[in-house]
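S.K.:
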Amino acid sequence: MDRFEHTPLPRDGHHIRLVRFRSVTQENSDEPLTLSLMTAKLSDQPVFNALSYEWGHSAACHEIIIDGRPFMIRENLYRFLRVLSRSAQNSLPCFTDAICINQEDLLERNAQVQAIGEVYSGAAKVLVWLGPSTKESDFIFDLCNDAASASADDAEVVDRVSNIDPNTEEGDALDTVYQKSYWTRLWIIQELFLARDAVVFCGEKSTLWSIFQNLSTSTKGHFVMGGWTGVDIALGSTPGGRHARSVLSELRVKEASQRKFLDQLLLQFGRAQCLDVRDRVFGLLGIAASRQPETNVQVDYSLSSAELFVRVLQTLPHELNIRSALEIFHILRLHHDLDVFSKRNGFLWNVPQDKEFRIAYSHIGTLQASDDSFQEGGAQRFQLEFGLRQRSMVAHGVGPLNYVGPNDSCLVSDDESVHQNDSVFLLEGTNLVMIQHADEPTKDGPFEHEPLEKGAKYSRGMLCHSNDAVGVMEAARLLISALPVLPVLSHTDDCWVRFAEGQHYHVAHETWNMMQVVFALAHLGMRTEYWDRLE
């Protein structure tokens with residue numbers, strides 16, 4: 001029998017396909033699942049449900065029948081459809097992307113994914129599939145359903161859902177539900193955020209989303225002294241359980257005025273799982289606020305991950321947080337394809353240069369003794385002395401900066417005017433530094449060093465480890481290769497910035513175009529193993 005093939009949809013982006021159940025399958029039956037497909041126009045406000053589930057990594061190995069022809073789907077969707085076919089939700093047609101979108105038609109896929117927010121916000125219900133049940137999930141779902149059927153006067157039953165003690169057996173059962181791999185999937189954030197109503201399924205049991213989302217998001221833990229703040233919380237819940245709690249907490253904020261920008265959503269949820277890394281961007285577009293509509297990212301699966309990153313970079317504010325940009329660079333896993341950004345590759349030189357960003361360097365210390373014996377392309381090595389408060393500030397959440405400490409760090413520069421007591425500013429997330437030349441030596445240390453008058457002289461350098469001869473050589477070579485690409489330090493500005501706690505730190509700014517930002521992220525912000533550990 002010929003396999004099922006999709007009839008093309010109109011290319012206007014306003015039509016979708018919906019699937020209907022034509023048979024009811026018993027729980028342990030081998031009878032085939034029979035469906036039919038229909039086309040609907042979103043502007044006609046069709047009544048339908050939308051499915052939210054995890055695709056999974058298995059191959060499409062289960063056969064269903066659509067309009068009399070065989071079609072292959074993956075294990076997780078197959079299980080969900082069989083449960084739905086005998087549930088109370090089987091009367092309405094459903095939208096499910098694996099069937100309703102022709103995944104082999106790139107143009108259709110672009111248009112349908114672009115409209116996915118409209119689909120899920122227009123659905124009567126979003127039907128959520130957490131996967132097969134366990135005794136722990138059955139317990140939690142029974143608890144939710146008891147609360148749903150309780151009378152308004154039975155406050156104890158209702159409160160039990162939202163006040164589960166994470167340090168009890170009930171808390172362990174809830175954490176098991178939160179560990180379901182469904183919660184690691186990126187697309188669920190948009191699907192559930194936009195849902196008008198939802199029903200959650202786990203095996204044969206289901207419960208209302210309005211009850212489920214009131215489950216406690218508290219984590220079990222205890223306080224221990226120490227750490228950056230003086231008090232840390234040692235969490236007993238699993239990383240997966242904590243991620244699910246984070247997702248559920250975010251879904252409770254639906255007001256448009258509180259929506260986050262795309263880059264903020266990427267930093268919060270971009271490491272969630274999806275089969276195509278580009279979906280880490282496309283899967284959040286439907287709930288992202290817009291800074292400037294003309295720069296909004298559009299769904300386009302013909303773009304490479306590098307090209308998509310440039311589109312995202314265009315949406316970022318003029319006051320660029322370079323560390324955030326670097327994290328988005330790694331969220332798209334571009335650190336595994338750095339050859340794309342090599343100088344011999346034309347991609348870098350084709351990055352638009354019409355947008356400029358103001359980037360900040362943080363003051364970290366002053367230069368001490370220089371090493372005349374080191375020579376690499378005219379570069380000279382200087383020992384670095386960190387200011388105590390500056391060192392703490394930089395070391396906290398330092399990312400790929402390899403070495404922070406008063407005795408083991410140095411920098412290289414090829415500028416002969418660099419000398420002892422010059423101030424050093426670090427571009428966080430990289431090893432690139434800006435060196436501010438001091439008029440006179442200061443005896444009060446780097447924190448008391450006042451900004452120079454307008455027109456102060458600056459040079460570039462690269463931070464490295466004093467006792468790593470190979471690393472010092474590599475830093476010098478990297479600096480020399482970067483200088484022709486980065487802007488000439490003809491003008492910059494510096495100022496004092498105050499922490500909320502009252503501490504001050506010294507920052508310097510300069511302006512880069514987008515190509516220079518991309519170059520810096522690709523060549524100066526490396527350290528692959530650090531970012532891979534975050535996956």
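Residue numbering for the sequence shown is 1 to 535, as defined by the UniProt record's numbering.
Note that beta-carbon positions come from the ideal geometry of N, C-alpha and C, so glycine has one too.
Go through its chain and collect everything with a Cβ distance to alanine 475's Cβ below 8 Å, but skip five positions before and after it.
M.R.: Closer than 8 Å at Cβ, skipping near neighbours: Leu411, Val412, Asn431, Met462, Leu463, Cys464.
S.K.: Suppose you measure from the CA of residue 545 to the CA of serine 149; what does that come to, to the nearest Å?
M.R.: Here the chain comprises residues numbered 1 to 535, so residue 545 is not present and cannot be evaluated.
S.K.: When DSSP labels each residue in this structure, what does glutamate 54 get in the three-state scheme?
M.R.: Here glutamate 54 sits in coil by DSSP.
S.K.: With contact counted as at least three CB pairs below 8 Å, one residue from each stretch, are the stretch 47–67 and the stretch 82–102 in contact?
M.R.: A contact exists between the stretch 47–67 and the stretch 82–102.
S.K.: Roughly how many angstroms separate the alpha carbons of asparagine 296 and arginine 278, rounded to a whole number?
M.R.: Between asparagine 296 and arginine 278, the C-alpha separation is close to 15 Å.
S.K.: For the stretch 314–357, list the alpha helix (DSSP H) runs that are entirely contained and at least 4 residues long, ordered along the chain.
M.R.: Whole alpha helix (DSSP H) segments, 4+ residues: 322–331, 346–349.
S.K.: Does the pairing of the stretch 309–325 with the stretch 344–362 give three or more beta-carbon distances under 8 Å?
M.R.: With a cut-off of 8 Å, the stretch 344–362 and the stretch 309–325 count as touching, because enough Cβ pairs lie within range.
S.K.: Where do the ends of the alpha helix (DSSP H) carrying leucine 521 lie?
M.R.: 514–523 is the span of the alpha helix (DSSP H), which, as asked, contains leucine 521.
S.K.: Check whether the stretch 57–75 touches the stretch 196–214, taking contact to mean three or more Cβ pairs, one atom from each stretch, closer than 8 Å.
M.R.: No, they do not touch.
S.K.: Considering only residues of the same chain and omitting the five flanking positions on each side of alanine 173, which have a CB-CB separation below 7 Å?
M.R.: Taken in chain order, the residues that qualify are Glu136, Phe139, Ile140.
S.K.: Taking 6 Å as the limit between beta carbons, can you name the residues of its chain near aspartate 263, skipping five residues before and five after?
M.R.: Excluding residues within five positions, the ones whose Cβ falls inside 6 Å are Leu316.
S.K.: In the DSSP assignment, what are the bridge partners of aspartate 371?
M.R.: Answer by DSSP bridge pairing, in chain order: Arg381.
S.K.: Looking at C-alpha atoms only, which residue of Cys144, Gln89, Ala289 is the closest neighbour of valine 19?
M.R.: Closest by alpha carbon: Gln89.
S.K.: Return the chain-ordered list of same chain residues with a C-beta closer than 6 Å to the C-beta of glutamate 501, the five sequence neighbours on each side being excluded.
M.R.: Because the pLDDT at glutamate 501 is just 47, under 50, the model does not fix this residue reliably, and the value given afterwards should be weighed accordingly. Closer than 6 Å at Cβ, skipping near neighbours: no residue.
S.K.: Whole-angstrom Cβ separation of leucine 186 and isoleucine 287, contact assumed at under 8 Å?
M.R.: Rounded, the Cβ-Cβ distance is 12 Å, inconsistent with contact.
S.K.: For the stretch 159–170 against the stretch 30–38, do three or more pairs of beta-carbon atoms, one drawn from each stretch, fall closer than 8 Å, so that the two count as touching?
M.R.: Short answer: they don't touch.
S.K.: Once the 5 residues before and after residue 542 are set aside, which same chain residues still bring their CB inside 7 Å of it?
M.R.: Residue coverage of the chain in this structure runs from 1 to 535, which leaves residue 542 outside it and unanswerable.
S.K.: With a CB to CB cut of under 6 Å and the five nearest residues on each side skipped, what residues in its chain are close to leucine 489?
M.R.: Once the five neighbours on either side are set aside, the close Cβ partners of leucine 489 are Tyr458.
S.K.: Out of Leu334, Arg86, Leu384, point me to the one whose CA is closest to isoleucine 435's CA.
M.R.: Selected option, being the one with the closest Cα: Leu384.
S.K.: So, helix, strand or coil for threonine 134, using DSSP?
M.R.: Coil, per DSSP.
S.K.: I need the straight-line Cα distance from residue 536 to valine 351, nearest angstrom please.
M.R.: No statement about residue 536 is possible, as the shown extent of the chain runs from 1 to 535 and does not include it.
S.K.: On a Cα-Cα basis, can you pick out the residue from Gln268, Ser290, Arg196 that is closest to threonine 127?
M.R.: It is leucine, not threonine, that sits at residue 127 in the sequence shown. Nearest of Gln268, Ser290, Arg196 to leucine 127, Cα basis: Arg196.
S.K.: For leucine 143, I'd like the list of residues in its chain whose CB is within less than 7 Å of its CB, leaving aside the five on either flank, ordered along the chain.
M.R.: Result list for leucine 143: Arg160, Val161, in chain order.
S.K.: Could you give the distance in angstroms between the alpha-carbon of serine 362 and the alpha-carbon of histidine 437?
M.R.: For serine 362 and histidine 437, the distance between alpha carbons rounds to 15 Å.
S.K.: Along the chain, where does the alpha helix (DSSP H) that runs through threonine 176 open and close?
M.R.: Threonine 176 -> alpha helix (DSSP H) spans 169–178.
S.K.: Using DSSP with H/G/I as helix, E/B as strand and the rest coil, what is glycine 461?
M.R.: Correct three-state label for glycine 461: strand.
S.K.: CB arginine 271 to CB isoleucine 331, shorter than 9 Å?
M.R.: Against a cut-off of 9 Å, the Cβ pair of isoleucine 331 and arginine 271 comes out as a contact.
S.K.: Could you compute how far the alpha carbon of asparagine 145 sits from the alpha carbon of histidine 15?
M.R.: Going from the Cα of asparagine 145 to the Cα of histidine 15 covers about 36 Å.
S.K.: If you draw a straight line from the alpha carbon of glutamate 453 to that of aspartate 12, how long is it in whole angstroms?
M.R.: Bear in mind that a pLDDT of 45 at glutamate 453, under 50, signals an unreliable position, so the model cannot answer this.
S.K.: Between aspartate 300 and glutamine 103, what straight-line distance do the alpha-carbon atoms span, to the nearest angstrom?
M.R.: For aspartate 300 and glutamine 103, the distance between alpha carbons rounds to 13 Å.
S.K.: Taking buried to mean at least 16 other C-beta atoms within 10 Å of its own C-beta, is glutamine 258 buried or exposed?
M.R.: So glutamine 258 ends up on the exposed side.
S.K.: Under DSSP, the beta strand (DSSP E) around methionine 38 begins and ends at which residues?
M.R.: Looking at the DSSP string, the run of the beta strand (DSSP E) that includes methionine 38 is 34–41.
S.K.: Keeping to the same chain, check which residues put their C-beta closer than 7 Å to that of phenylalanine 347; ignore five residues upstream and five downstream.
M.R.: Cβ neighbours of phenylalanine 347 beyond the five flanking positions: Ala306, Val340, Phe341.
S.K.: Straight-line CA distance for serine 304 to lysine 343?
M.R.: Taking the straight line joining both Cα atoms gives about 18 Å.
S.K.: Identify every residue that forms a DSSP beta bridge with tyrosine 361.
M.R.: Its beta-bridge partners are Ala508.
S.K.: Grab me the residues of proline 8's own chain with a C-beta within less than 6 Å of its C-beta, minus the 5 sequence neighbours each way, in chain order.
M.R.: Nothing listed; no residue qualifies.
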